[in-house]
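Trainee:
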Amino acid sequence: MNPDEEVGSVGSGELIAAMADQHDTVLSFEPTAAKSVAKGKSLLLGAAGIAQATLEVKDRASHADAAPELGRNALYELSYQLLQTRDVAKDIPGVALNWTVARATGPINQITEKARALGDIRITQPGAEKKLEAALQAKIASGKLVPDTETTVKVEVGRPAFVAGEKGRALAEKAQAIYKEIDRELALTPMTGGGTDAGYAGRSGKATVVESFGLAGFGYHARDEYIEVDSIVPRLYLVTRLLTEIGKQ
């Protein structure tokens, strides 16, 4: 069990990678989609890596009523830069960016001197995050709304991308054959935007890694998240039979 998975596996990622390197095979148990949102059950052969963009503006504070002209509004400049950079990733293959959090400091009666935004980045091609960071820096340098403000941006990579490769696909195809033993179909999904600890497990390429052996369900991370009870037995059958086959090798 991994208690920090939902916050990027910051503490456990390296441990997962090290343990995976000591084994031949890793089965990862992210859920498969429920019947209400997918045509059938599947295994996952690829998932995006995750990174975070931090956009920060610093300038000069001043009283909002007594001397607003002496201040330089960081919130205005942050808003401008967010709009200016919102589509930058669309021109870079293998990466997606969505600004999701913004905050400004200071009391309500002060022209704010600091403002910061965070962006969610998904990476499906190696090195795409570096191209994105360079593009963001270039766009910010191209102009500003508020004079005398200083804007910086950085990209920090978290969970690595997961790619099953040929060994992973071969194992997934074996799982497909096992599922047919109970008259069930199992699709193979080549890539998803959601991050997974399978990225750490497969980082070195030593272990064979396949994702989504978990139960069917939906509403991930929400209060109304659920699983489909009728997926429990078939999934248990799939995993136990597959472990038996792996053990024969």
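Position one of the sequence shown corresponds to residue 10 (this note's numbering), numbered consecutively onward.
Heads up, the beta-carbon is just placed ideally off N, CA and C, and yes, glycines get one too.
1. Counting Cβ pairs, one atom from each stretch, are 3 or more of them under 8 Å apart for the segment 84-98 and the segment 143-153?
2. Alpha carbon to alpha carbon, what distance is there between ASP192 and ASP100?
3. Let's see if you can read the secondary structure: which residues bound the beta strand (DSSP E) around LYS139?
4. For the segment 31-47 and the segment 104-119, state whether three or more C-beta atom pairs, one from each stretch, are separated by less than 8 Å.
5. From the DSSP output, in three-state form, read off LYS215 for me.
6. Do the segment 144-163 and the segment 177-193 meet, that is, are 3 or more Cβ pairs less than 8 Å apart?
7. For the pair the segment 18-28 and the segment 204-212, tell me if three or more CB-CB distances fall below 8 Å.
8. Apart from the five residues on each side of it in sequence, which residues of its chain come closer than 7 Å, Cβ to Cβ, to ASP13?
9. Using 8 Å as the threshold, is the segment 186-200 in touch with the segment 154-169, meaning 3 or more CB pairs across them?
10. Between which two residues does the beta strand (DSSP E) carrying ARG69 extend?
11. What did DSSP end up calling GLU194 once you bin it into helix, strand or coil?
Mentor: On the basis of the data shown:
1. yes
2. 44 Å
3. Segment 137-150 is the alpha helix (DSSP H) holding LYS139; no beta strand (DSSP E) there.
4. no
5. coil
6. no
7. yes
8. VAL19, GLY20 and SER21
9. no
10. Per DSSP, ARG69 belongs to no beta strand (DSSP E) and is neither H nor E.
11. coil
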